[in-house]
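Under our numbering, the first residue of the sequence shown carries the number 1, and numbering increases by one thereafter. Read through the structure below, which is laid out as structure tokens, and then see the notes.
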Amino acid sequence: MAQDSRIPGDLQKIYWRSRRGMLELDLLLVPFTLEAYAGLSPADQLRYRQLLECEDQDLFAWLMRREAAADRQPLIDRILAHNSARSEKAD
């Protein structure tokens, strides 16, 4: 696995864990990792790393708002808000 020199070493593992192979998830998680992860509190960084341990089907259901994410909902909302802000900038 080649490293991307544009990504700091400490983010490499999180970046690769964010790449899920499902386009819908990749489009939400990868930009969030690259653009917002470093600005999270240490507690939220831990929550994000724990979120990445979840199954793709669960992540998809939560991020597409098909199911509630229970205790993970604040982080899911933050990921979706980040995506929405990115979309607004692109317009």
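All residues carry an ideal CB built from backbone N, CA and C; glycine is no exception.
Listed in chain order, the non-local C-beta contacts of F32 below 6 Å within the same chain comprise I79, H82, local neighbours out to five positions each way being set aside. In this structure R19 does not touch L51 by the C-beta definition: roughly 14 Å separates them, more than the 8 Å allowed. Taking the Cβ atoms as the reference, A61 lies roughly 4 Å from E67, within the contact range of under 8 Å. Proximity to Y48 across Q12, K89, L29 peaks at L29, based on C-alpha coordinates. When secondary structure is reduced to three states using DSSP, A68 falls in the coil class, being assigned neither helix nor strand.
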